[in-house]
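Peer 1: Next up is a structure, given as structure tokens.
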Amino acid sequence: VTRVGAVAAGVAAALAAWAASAALAHDRPARLGAMTASGGVRLESPQDGLAVLTASRMLPGDAVSGTVALANTGDAAGDLRLTRSAIRDALGAGGGRLSAALVVRVDDVTGGAALPVFAGALDQLDVLALGPLAPGERRAYRITATLPDRGLPAGPLSGDNALQGASMQVDWTWRAEALAAAITPAPTATPAPPVAPPPADVRAAASVLTLRIPWQRVLKTRGITVWGTCDRRCALSFNARVQTAPKARTARVRTVMRAGVFRLAGRRRTLQPGVERRIKLQLTPEALRRLHALMLARGRAAVLVEARVSSALGAATVRRRIVIVTAPRAERRRAARHAGRVSRGSAPRR
Amino acid sequence: VRALLAGGSALLALVVLGLVHPPARSGANFTAKRTNAANAITADTPSNYLRLYSQGSDPAGLGNYAVKRLSSPVQLAATGADRTLAIQLGNYRAGGNVNRVFTVETPATLPGGLSQVTVGMTVTSALWSGNVATMATIGAGNGNGGGQATLTLGAGQKRQVNVAVPPLPGVGVLYQAVIQIKVTYAGYAGDFLSYAVPVTVYDGLTGAGP
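So the protein sequences, as listed, match chains A and B. Numbering-wise, the first sequence is residues 1069 to 1418 according to the working numbering. Numbering-wise, the second sequence is residues 7 to 216 according to the working numbering.
Written out as structure tokens, the structure reads:
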């Protein structure tokens, strides 16, 4: 009877555990940190699945182009990237490889005018960072492939002529990775005066870097962890500002700390092409103190992270603003404290 | 003991369920992607505009192509087609005209709606020793001899190519040259649409040479 009772207890415990875990599995989608439960990022394109670059008899000096329209129909911002994959070459008469000869240019033609985003050899374009794509935002990119005319070849099957009859196929993949809901591409709380678009070369220089700042605890870890990827060798240095983060979009954002937010601010880090690197940006005690003070007073704070990226394409500054909010439990305690009841500490988080 | 047994069983059950129960899945989209697949680019090739044939590859089965002079057994001077076409003229110590060495033909329909193309043929003899002149002159026509080194061909037209060899010094040398055949048309005058046909000729006292 003792053994039967033990087995029965075990079965009951197992059923309870199964029921509990099943319930968790169903509840979890609504509790994915900064990701909203209503769908995240969704990318739509009328050209999905279709080839946009097709040419059957290309000669040196010829170019072919195609335009891709994209829209984020989800309710979360996405970090947009263009990836080139699956090159399949058939060599030319002289052994030439077309994919090594083609020069590709990617232009942002969203506004009508062509803003260059990338220009270089096709086989150099592995991943192209295109920046955040906000919910509802639409973009259009034109991809142009050119077969350069390198002049009179030394022989009938050397130089350009080595490419006679060569062919290649390539796939383009547009990928949007959901950004944390609290992250905005630029401060949005203050209505900004009209700003002229950055020069094309600055935009191209900025496109080298993909900066990812996922949901994380900031005050508890005393720092911000970012993941950076450059599509070519680049150097990164970081600075930051501590700001208020009013909920009202029209409210004014106030900067409470302009320098000395990170330890070793300005330290340069070198990134190899295509290799994502984790970078921990340690907050200084003063920055922690200011953030704590803001959290206690307002329940929200923001850090504007500025990444200075320099590469062969030039130098540019990429900004990401993260908003730090209190955990629900800490929020309740803060509310209770304001109501005159006793409360201790908080567990702020982004 | 009973309590320990019960607790142990419960713990075991939890561990087993923890191992076999599928992990919770998120319904949110962390990434979304769209693909433009199979973007295909092909470089042009001269065979889209002009084909080169020898007797062995002539689709019309035309005969009477030139042979390698003094060859025994008799060999045809030209072999292969298009990029693989190669010519061995044999012994032309005293020089001479060689008719119907190979043929050129345009396709029944020219690409891009072209009505005609221009075919330029030149002989270069980089290994010509002791003589800076060209090793041979070239002509093309419908019949024996004559013709021009520059042709204008419409769709589906065919010409034979003749080669004229000047007198050679007679020192037993195998001379090597290249016939460059370039296709151009209205709107394109580059060198991309070119063939290079290797040619040899021998000037020994006897035999066809190597």
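C-beta atoms are modelled at their ideal positions from N, C-alpha and C, and glycine is treated no differently.
1) Who are the near neighbours of Gly-176(B) in its chain, counting only those whose CB is closer than 6 Å to its CB and skipping five residues on each side?
2) Alpha carbon to alpha carbon, what distance is there between Thr-1135(A) and Ser-1379(A)?
3) Should Asp-1194(A) be labelled buried (16 or more other beta-carbon atoms within 10 Å of its own) or exposed?
4) Chain B beta carbons: is any one of them nearer than 8 Å to that of Thr-1062(A)?
5) If you reduce the DSSP assignment to three classes, tell me which class Gln-94(B) lands in.
6) Answer with yes or no whether the minimum CB distance from Thr-1214(A) to chain B is below 8 Å.
7) Using the three-state DSSP reduction, which class does Asn-105(B) fall into: helix, strand or coil?
8) Please work out which residues of its chain come closer than 7 Å, Cβ to Cβ, to Leu-1332(A), disregarding the five sequence neighbours upstream and downstream, and give them in chain order.
9) Using a Cβ-Cβ cut-off of less than 8 Å, give me the residues of the region 80 to 96 of chain B that come near chain A, in sequence order.
10) Restricting to runs no shorter than 3 residues, where is the beta strand (DSSP E) found entirely within the region 1310 to 1339 of chain A?
11) Answer yes or no: does any C-beta atom of chain A fall closer than 8 Å to that of Phe-108(B)?
12) From Ala-1144(A) to Pro-1200(A), what distance separates their C-alpha atoms?
13) Looking only at DSSP bridge pairs, what is Leu-1236(A) linked to?
14) Looking only at DSSP bridge pairs, what is Trp-1295(A) linked to?
15) Give the straight-line distance between the Cα atoms of Phe-198(B) and Ala-44(B), rounded to the nearest whole angstrom.
16) Just by C-beta distance, which residues in the region 1221 to 1248 of chain A are closer than 8 Å to chain B?
17) Starting from the Cα of Met-1325(A), find the closest Cα among Gln-1311(A), Gly-1334(A), Leu-1220(A) and Thr-1318(A) and give me that residue.
18) Determine, for Met-1363(A), whether the minimum Cβ-Cβ distance to residues of chain B falls below 8 Å.
19) At a Cβ threshold of 8 Å, is Val-1177(A) touching chain B?
20) Which residues in the same chain as Gly-1108(A) place their Cβ atom closer than 6 Å to its Cβ, once the five residues preceding and following it in sequence are excluded?
21) Can you give me the start and stop residues for the beta strand (DSSP E) that Pro-204(B) sits inside?
22) Can you name, in chain order, every residue of its own chain whose Cβ lies under 7 Å from the Cβ of Asn-137(B), other than the five neighbours on each side?
23) Quick check: Asp-1175(A) and Tyr-1209(A), are their CB atoms within less than 8 Å of each other?
Peer 2: In terms of the structure at hand:
1) Sequence-distant partners of Gly-176(B) (beyond 5 residues in either direction) whose C-beta falls short of 6 Å from its own C-beta, in its chain, are Arg-99 and Asp-209.
2) If you draw a straight line from the Cα of Ser-1379(A) to the Cα of Thr-1135(A), it is about 27 Å long.
3) Under this definition Asp-1194(A) is an exposed residue.
4) Not covered by the structure: residue 1062(A). The range shown for chain A is 1069 to 1418.
5) DSSP, reduced to helix, strand and coil, places Gln-94(B) within a strand of the structure shown.
6) So, not an interface residue.
7) Note: Asn-105(B) maps to strand in three-state DSSP.
8) Residues of the same chain with their beta carbon placed closer than 7 Å to that of Leu-1332(A) are lacking, with the five preceding and five following residues left out of the count.
9) Answer in chain order: Arg-89.
10) Taken in chain order, the whole beta strand (DSSP E) runs of length 3 or more contained in the region 1310 to 1339 of chain A are 1323 to 1325 and 1337 to 1339.
11) Not an interface residue.
12) Their Cα atoms are separated by approximately 10 Å.
13) Here the sequence assigns Met to residue 1236(A), which means Leu is not the residue at that position. Answer is Asp-1157(A) and Ile-47(B), bridged to Met-1236(A).
14) DSSP lists Arg-1280(A) and Arg-1346(A) as partners of Trp-1295(A).
15) The straight-line gap from Cα to Cα measures roughly 25 Å.
16) Pro-1221, Gly-1223, Pro-1224, Leu-1225, Asp-1228, Asn-1229, Leu-1231, Gln-1232, Gly-1233, Ala-1234, Ser-1235, Met-1236, Gln-1237, Val-1238, Asp-1239, Trp-1240, Thr-1241, Trp-1242, Arg-1243, Ala-1244, Glu-1245 and Ala-1246: these are the residues of the region 1221 to 1248 of chain A whose beta carbon lies less than 8 Å from some beta carbon of chain B, given in chain order.
17) Nearest C-alpha to Met-1325(A): Gln-1311(A).
18) False, the Cβ-Cβ gap to chain B never drops below 8 Å.
19) The C-beta of Val-1177(A) comes no closer than 8 Å to any C-beta of chain B.
20) These residues qualify, in order along the chain: Gly-1142, Ala-1144 and Ala-1246.
21) Start and end: 200 to 208.
22) Any answer about Asn-137(B) is weak, because its pLDDT of 36 lies below 50 and its placement is not dependable; what the coordinates show is given next. Listed in chain order, the non-local C-beta contacts of Asn-137(B) below 7 Å within the same chain number zero, local neighbours out to five positions each way being set aside.
23) Contact flag set, yes.
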